[in-house]
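Following this note's numbering, the numbering of the sequence shown begins with 277 at its first residue and continues without gaps.
Glycine included, C-beta positions come from ideal geometry on N, C-alpha and C.
Working notes for the structure below.
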Amino acid sequence: MIGVFKKFFGTKYERDIKKYDPIVLRINEYYQEYKSLSNDELRNKTLEFKSRIKEHLKDIDEDIDTLKEKTNVEENIHVKEEIYNEIDELQKVRDKEIENILLEIQPEAFAVIKETSRRFSENDFLEVTTTQHDREISAKKSNVAVDGDTTTWSNTWLAAGGQIKWNMVHYDVQLIGGMVLHDGKIAEMATGEGKTLVATLPIYLNALAGQGVHLVTVNDYLARRDSEWVGPIYEFLFLTVDCIDKYKPHSEARRNAYNCDITYGTNNEFGFDYLRDNMVISLNEMVQNYTTPLSMRWILSL
């Protein structure tokens, strides 16, 4: 009987592939199209995506801001509580709208990451027009060199204490893995099958929403290594990246790491930072970013 059902309806794997295959085709269409873009045009796609997300959320953000202003002048505690409940409900709607716009952008965003990976793998250096972001990155990273109006990004950088040369480009199966992760499902991959590369896809996509992405690993070596290994790909695309395990608890450096677009760390440190923040005497000692609640951030565990 089971064999009959599989014959007519296919296996779970076959159904999943059937679902994701059309999106893979769209990603690769954009990927071919983006090959003709200049380096500046490619990285500016990030700014375009962010602008589209902001425009999509414009009306609901205005409604939330209006309600927040009301709480500042409302003195009746019961009325104020009702307003906060309205804000909570609108926030749920906003979260759903973020999901919708990210799904719309997904094929383009994945193609941007794939094309960026290809350019770094095929070129020793990528030249772009200097921005303030480039100047800030060059002050901390040796693979980025600013020379007036031109900035050069090298495809060789320091990761886990050694020099690595970027040489990875996403296969179709890794594009599918990225979509599976974005859908909130579990993707099982063997060692060496490219989990770190797969993760770049949904991490970049969700970072565009500006609410922060947390990449959780089981040990500090992996957290530091992965943040340094793939960090320059995100940084080239105007995102900020850091790892909390590099810094002491309650430190300003750790607080800055939490304020990045993409934050790497171990499960222990993320958890203990939450506990420590609830035991501090001064608000200045808190490190996690509470302007964006944890429930609103996208979290991926590898």
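- For G460, the three-state secondary structure derived from DSSP is coil.
- With distances taken between CA atoms, D335 lies nearest to L366 out of L366, T347, D459, N361.
- For A436, the CB contacts under 8 Å within the same chain, skipping 5 residues up- and downstream, are Y497, R500, R501, E504, W505 in chain order.
- Measuring C-alpha to C-alpha distances from D339 to each of T347, H354, I363, D518 identifies I363 as the nearest.
- Distance between K346 and H354, taken at the CA atoms: about 13 Å.
- DSSP, read as helix, strand or coil, puts V422 in strand.
- According to the DSSP assignment, L498 belongs to the alpha helix (DSSP H) that extends over 496-512.
- Spanning the alpha carbons of G541 and M455 requires a straight line of approximately 22 Å.
- When C-beta atoms of the segment 517-535 are compared with those of the segment 432-446, fewer than three pairs fall below 8 Å, so the two segments do not count as touching.
- Between V492 and N543 the beta-carbon gap is near 5 Å, inside 8 Å, which marks them as a contact.
- V404: member of the beta strand (DSSP E) spanning 401-405, first to last residue.
- A distance below 7 Å between beta-carbons, with the five flanking residues on each side excluded, links Q564 to the following residues of its chain, in chain order: Y534, D549, Y550, D553.
- Secondary structure note for D518: its beta strand (DSSP E) is the uninterrupted segment 517-519.
- Each residue's CA atom was taken as its position, placing H458 and P478 some 5 Å apart.
- As DSSP reads the structure, T493 sits in a beta bridge with T542.
- DSSP, read as helix, strand or coil, puts S312 in coil.
- When DSSP states are grouped into helix, strand and coil, I557 belongs to the coil group.
- In the DSSP assignment, K441 falls within the unbroken beta strand (DSSP E) covering 438-441.
- For the 9 Å CB-CB criterion, I389 and L313 do not form a contact.
- For L473, the enclosing alpha helix (DSSP H) starts and ends at 471-483.
- Secondary structure of S527 (DSSP, three-state): coil.
- If you draw a straight line from the Cα of Y480 to the Cα of S397, it is about 18 Å long.
- Cβ contact annotation for L343 (same chain, cutoff 6 Å, sequence separation greater than five): I359, E362, I363, in chain order.
- Of Y447, L559, Y296, D371, the smallest CA-CA separation from Q382 is found for Y296.
- The beta carbon of G424 sits closer than 8 Å to the beta carbons of T406 from its chain, once the five residues preceding and following it are set aside; these are given in chain order.
- Beta-bridge partners assigned by DSSP to I575: H490.
- Residue pairing by DSSP puts A435 in a beta bridge opposite G438.
- In the same chain as C536, and ignoring 5 residues on each side of it, the C-beta atoms closer than 7 Å to its own belong to T516, V517, D518, in chain order.
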